[in-house]
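Everything in the sequence shown is counted per full-length UniProt numbering, starting at 1 for the first residue and increasing by one. Everything on this sheet refers to the single structure shown next.
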Amino acid sequence: MPAGVEVGAKVWVPCHNEVWRPGEVVGFGEVPKGAGGGLSAVVEVQGEGDKVEKVEVALQVSKGPAKVHLRNQDLEERLIAAAFGDLNQLPLLHEPAVLHTLQVRFEERHVYTLSGPVLLAVNPFREVPGLYSHEQLAAYALAPEGEEPQTPHVFGVGCAAYQGIRTRAAHQTVLVSGESGAGKTETTKFVMRFLALAGAGGTEASMSAVERQVLGSIPVLEALGNAKTLRNDNSSRFGKYIELQFGRGPAGQPAAPRLVGARTHTYLLEKVRVTGQQQGERSFHIFYQALAAAEAGQSREDPSESGVGLGSVKGLRPADFAYLRRSAACAGGDHEDAQAFRETVAALRSFGVDGAELSGLLSAIMAVLHLGNVDFAAPKNNSEGSEPVRTGRAGSSLECACELLQVEPSALGGAWCHKTMRAPGEGVISTPLTVAKAVEGRDALARHLYGAIFTFVVERINAAVAADGAPGGARPGASGQSAPQLPFVGVLDIFGFEFFDRNSLEQLLINYTNELLQQYFNEVIFELEAELYGREGIKWNPLDFPDNRTIVELIGKVPGGVLPMLDEECMTVGGSADRWCSKLQRAHDGQKEFAAVKHRQGNFVVRHFAGPVEYTSQGFPEKNRDQLGADLVGCMKGSRSEFVCQRFLEHDRIFGTQETVNAQSGNRRMSRARVYTVSSEFRGQLQNLMERIRATEPHFVRCIKPNPQSVPGKFDRRSVVQQLQYQGVLQAIEVSRAGFPMRLSHRKGVRDFRCIAPAECRLELEAQIARGKFGVAAQVLFGALAGAFDLPGGAWAIGATLVFLKRDAIEVLSGALTSCCRSAAILLQAHWHRHVARQRFLVAIRAAVRLQAFGRGLEARRLAVVLRRARAALRLQSAERARGARRLRRRRLRAVSVLQVWLRVRKLRRRFLRLRACAARVQRWWRLTAARLRARRRRHTVVRLQCAWRGHRGRRQATECRAAAVRLSMVVRRLVRLRRERVCRQLLAPVEPPAASDGDYSWPQPERAPAEVSAAPSDGHLQQRVEAASTGDIIAAIAAVKLRLAAQQKEVAALRQKNELLQLQADELHQWTLAGMSRRLLAGVLGGPCAEGAGTMLLAGECVDD
1 MPAGVEVGAK VWVPCHNEVW RPGEVVGFGE VPKGAGGGLS AVVEVQGEGD
51 KVEKVEVALQ VSKGPAKVHL RNQDLEERLI AAAFGDLNQL PLLHEPAVLH
101 TLQVRFEERH VYTLSGPVLL AVNPFREVPG LYSHEQLAAY ALAPEGEEPQ
151 TPHVFGVGCA AYQGIRTRAA HQTVLVSGES GAGKTETTKF VMRFLALAGA
201 GGTEASMSAV ERQVLGSIPV LEALGNAKTL RNDNSSRFGK YIELQFGRGP
251 AGQPAAPRLV GARTHTYLLE KVRVTGQQQG ERSFHIFYQA LAAAEAGQSR
301 EDPSESGVGL GSVKGLRPAD FAYLRRSAAC AGGDHEDAQA FRETVAALRS
351 FGVDGAELSG LLSAIMAVLH LGNVDFAAPK NNSEGSEPVR TGRAGSSLEC
401 ACELLQVEPS ALGGAWCHKT MRAPGEGVIS TPLTVAKAVE GRDALARHLY
451 GAIFTFVVER INAAVAADGA PGGARPGASG QSAPQLPFVG VLDIFGFEFF
501 DRNSLEQLLI NYTNELLQQY FNEVIFELEA ELYGREGIKW NPLDFPDNRT
551 IVELIGKVPG GVLPMLDEEC MTVGGSADRW CSKLQRAHDG QKEFAAVKHR
601 QGNFVVRHFA GPVEYTSQGF PEKNRDQLGA DLVGCMKGSR SEFVCQRFLE
651 HDRIFGTQET VNAQSGNRRM SRARVYTVSS EFRGQLQNLM ERIRATEPHF
701 VRCIKPNPQS VPGKFDRRSV VQQLQYQGVL QAIEVSRAGF PMRLSHRKGV
751 RDFRCIAPAE CRLELEAQIA RGKFGVAAQV LFGALAGAFD LPGGAWAIGA
801 TLVFLKRDAI EVLSGALTSC CRSAAILLQA HWHRHVARQR FLVAIRAAVR
851 LQAFGRGLEA RRLAVVLRRA RAALRLQSAE RARGARRLRR RRLRAVSVLQ
901 VWLRVRKLRR RFLRLRACAA RVQRWWRLTA ARLRARRRRH TVVRLQCAWR
951 GHRGRRQATE CRAAAVRLSM VVRRLVRLRR ERVCRQLLAP VEPPAASDGD
1001 YSWPQPERAP AEVSAAPSDG HLQQRVEAAS TGDIIAAIAA VKLRLAAQQK
1051 EVAALRQKNE LLQLQADELH QWTLAGMSRR LLAGVLGGPC AEGAGTMLLA
1101 GECVDD
């Protein structure tokens, strides 16, 4: 029975929907022997709604582990559960505790949780504000060593790896794993981004060109190696190990190491996706990107000007290619394919793939699509042969493929449809191939061609960004020695554990990889546990820890492993899947990790660490051989395209011959290479990978997909548990808790178990607790508990900071703790019951007193009611009499008031009638008087208007007469003046002024002879004439001039007066015009009702006068 499972215990029980659900033990039972036997517990659990259900769960069965786990008291509160950033801090660490904690933290938007050295990352499928901001990255990148934030985060993993490079110059590895759609690729990007920015000060502006190139390689690898699957729109279909190389600063300078290069190692590209996909999935992104770019008119951006490349697929869609239309998901996903293609081409150019290489690369990619459209048919005279179809779309696709690959259609068709062999003495023998074999050759060529393209791109990226001294590619120095190896951080993005309805070679290789990584993970956990036990100073048994070494040997051990036997079967003439499966059954019969499926011939089961997986052996040998015919290799080597030719020359070096170099003499020797198989190549890659990883300090990241639908906010408990199991997280927990599953701090251990301490040690225990010496208190407490409960030796240990308990000690102490708690609960219940009974008695006494008081009060209230009623009757009688008297008085007063009002009204009415009669007479008199006054005023007004008009006409005539007289007077005066001027000229004839106007006086001129008058006098002559004149003449001339001046002044004054008089007359005339008089008379004189009639008469009078 599990430790501590007693009545009232809080436990987790299995559930079909939620995997585990909380409950409380209410009793025990026994499982029938037919069902396995053993003890059972009756547990109350919460059903649908508020319904409480009781379920019976087996506690201990003959086979298998217990199905009940105790709940952590620390996880009862939701906020406390969300605060557990490290699962190792839980006292009871098991599957339901891990699941519950992850769900609570996920719902609180804490996507990262630590489990010892493992970071669990639950994909939120949405943006979490501030989770990957520049501030968050800088908080880890710029933090001093040992002072980085304690919150679990992927930047914390990157920071730990960077600190290992910075402080110890030790190689690091970050292992990222998880199923498709769990976020492995994004997590890898975040780690690489952090490592690129850590040495650059945490800002992108200070990044170097190499650092930008390293980050820029990710989109290229995603375009060529990622595809849309049922679980993820951007799923990596290959494994990669990226070594980020860091350069050391100059000697004596404390500069932080910076990213100086990177080298990418790829594993097991899923080339089979090129020729076919499941329904709802897509092929690699690069095909759809290129087609979208060609459709958008980007073929002119192709580096080739001859139309080769994108021009061959312009106007075509994914549904036009057989390799892409086999799945219904032909359209693009969330990616803007055309824009992504431009970014991919730009990134390739930045890595030096330009010009002819880029043209050849794109042409080869497009050729893969056209190869899928090539069809074969049997000739009419040979049903066992085959030939390419050269009509319709298939024929045009063949021509396009050959043009893109720069080979002859006849040569490529012959390589597909015939097999040539060299027989001793017979020369070359050509054998026709069936249509099925030709189709297999076509698909094999497409897969190998795409694999060669992918390998080329990876190599060019490594050549562009790898630094000197890079591992795996170190370049020798001048002395012939390799350059010193730079410290690096390896980031491993590898496939997670896989199992489907039908599992083949790919799943076996992927699961074998996970077995090796789990074995290494167990070793790391084992080392950490050993370090913990050594640090705490306790003894432990290494045999307590589980291991998956037998499974690893079952799959990969030479010569009896599953994969080595598959290689052996592939090298055997006539080897088949059935023979290989039979050999496996004979070789591994009796092993618990291997089993044959009897009802399905050719199937076998391997019990991995994550669970059993059934494999179908059909197709294993063919996929393992992955052969490409020598005729097709020779045809491709003869291509006129340097890019295609070079790819298949390298293909031949790998699979045809191998080159060895003598270390002493330096001579090179070519020899036949070993037989190539997929599994042998992959096992060699895995061996090199594990050697590199074991030489580094590891950091683990496990990515978890919260639900299969990839929707935000949903946590599917069953799916998450499966992933925890397949990724080895639960196994790691089992390993870490194999020796001492419960670890408590000294303080918590003393606090939890002090209540069951024996009486003889309580005094000393309390004294140590009071002094704060919890380590000594733990020694005293658990030493006394070991003697009191007869604990087996080694079941408990006290370390430097922790208390360790094995399962036996947990069972005994938890049972005793539960019994003590039950006894304390019973005592508390008894005290509570006594308290409740006493309170009830006191309540009853108080109620009796209140009842008696209420009875007495009731009688008193009844007597008071009688007295109040008698008093009320007297008051009612008095009130009624008073009311009658008041009513009579009011009636009399009302009658007197009515009479007085009638008399006053009568008097006022008579007076009013008299006044109204007088007013009528006054009104009649006034109306007659007003009429007479208006008539009289109207007659006066008309007379005045007529007088005014006649006066106006008279004045106007008088004014005209005066104006005529004035004009006559002015004429007379003018004549008099002229006469005077003539007299003056005659008097002053000898002296004539220079210029005299008509209105000025002239000097008197003496009489001259006619001859003298005709000539103009000169100044001297004029002076002589003045001197010759007599004094009387001069005085007479002066008097005449003065008279002339006085006359002119009088004339000016008279003219001014006349002007003013004329102005006044004009104003008066203006006032006496028709408009002026009408306005003045109507406004000032008439007024009242007669103004309109007067105006009419005025107009009539004016017309008569005119």
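Note that CB positions come from ideal geometry on N, CA and C, so glycine has one too.
Just to check my reading of the structure: residue i and residue j have Cβ atoms closer than 8 Å, yes? What is that Cβ distance to the nearest angstrom?
i, j, result
"VAL157", "VAL191", "7 Å"
"VAL435", "ALA377", "7 Å"
"ILE798", "GLN779", "5 Å"
"THR959", "GLN1065", "6 Å"
"HIS608", "ILE551", "6 Å"
"HIS588", "ALA161", "HIS588 to ALA161, Cβ: 40 Å. No contact."
"THR187", "VAL701", "6 Å"
"PRO487", "PHE155", "Wrong, their Cβ atoms sit about 20 Å apart, outside the cutoff."
What did DSSP end up calling residue i once you bin it into helix, strand or coil?
i, result
"SER430", "strand"
"PHE125", "coil"
"LEU269", "coil"
"HIS831", "helix"
"ASP808", "helix"
"LYS748", "helix"
"TYR132", "coil"
"ALA182", "coil"
"GLN245", "strand"
"SER236", "strand"
"ALA139", "helix"
For residue i, write down the residues that DSSP places opposite it in a beta bridge.
i, result
"TYR615", "ASN503 and PHE604"
"GLN46", "VAL52"
"ARG717", "Paired residues: none, contrary to the question."
"residue 1107", "Since the first residue of the chain shown is 1 and the last is 1106, residue 1107 is not available in this structure."
"SER410", "Answer is none; SER410 lacks a bridge partner."
"PRO14", "TRP20"
Which residues in the same chain have their Cβ closer than 6 Å to the Cβ of residue i, if we skip the five residues on either side of it in sequence?
i, result
"GLY443", "Before going further, note that residue 443 is Asp rather than Gly in the sequence given. Here the set comprises THR275."
"ALA795", "LYS806, ASP808 and ALA809"
"GLY999", "Caution is warranted here: a pLDDT of 44 is assigned to GLY999, below 50, making its placement in the model unreliable, and no coordinate value can be reported."
"MET366", "SER312, VAL313 and LEU404"
"GLY164", "ALA170, GLN172 and GLU697"
Can you grab the Cα-Cα spacing for the pair residue i / residue j, in whole Å?
i, j, result
"GLY29", "VAL43", "11 Å"
"GLN172", "PHE238", "22 Å"
"GLU243", "ALA346", "23 Å"
"ALA1046", "ARG939", "56 Å"
"GLY713", "VAL13", "25 Å"
"ALA784", "CYS761", "7 Å"
"GLY23", "THR513", "39 Å"
"ARG193", "LEU362", "29 Å"
"GLU387", "LYS437", "11 Å"
"residue 1124", "LEU893", "Outside the shown range of the chain (1 to 1106) lies residue 1124, about which nothing can therefore be said."
"SER641", "LEU632", "15 Å"
"GLN507", "PHE753", "49 Å"
"THR113", "ILE733", "14 Å"
"LEU933", "ARG914", "29 Å"
"SER1014", "ARG973", "Note on SER1014: pLDDT 44, under 50, position unreliable in the model; no value is reported."
"HIS370", "GLY556", "39 Å"
Suppose the cutoff is 7 Å on Cβ atoms and the five residues either side in sequence are ignored; what does the same chain contact list for residue i look like?
i, result
"ARG625", "CYS570 and THR677"
"LEU99", "VAL19, TRP20, ARG717, VAL720 and VAL721"
"PHE804", "ILE538, PHE740, ARG743, TRP796 and ALA797"
"GLY954", "none"
Leaving out five residues before and five after residue i in sequence, what residues of the same chain have Cβ atoms less than 8 Å from its Cβ?
i, result
"VAL843", "none"
"GLU593", "THR550, ILE551, LEU554, VAL606 and ARG607"
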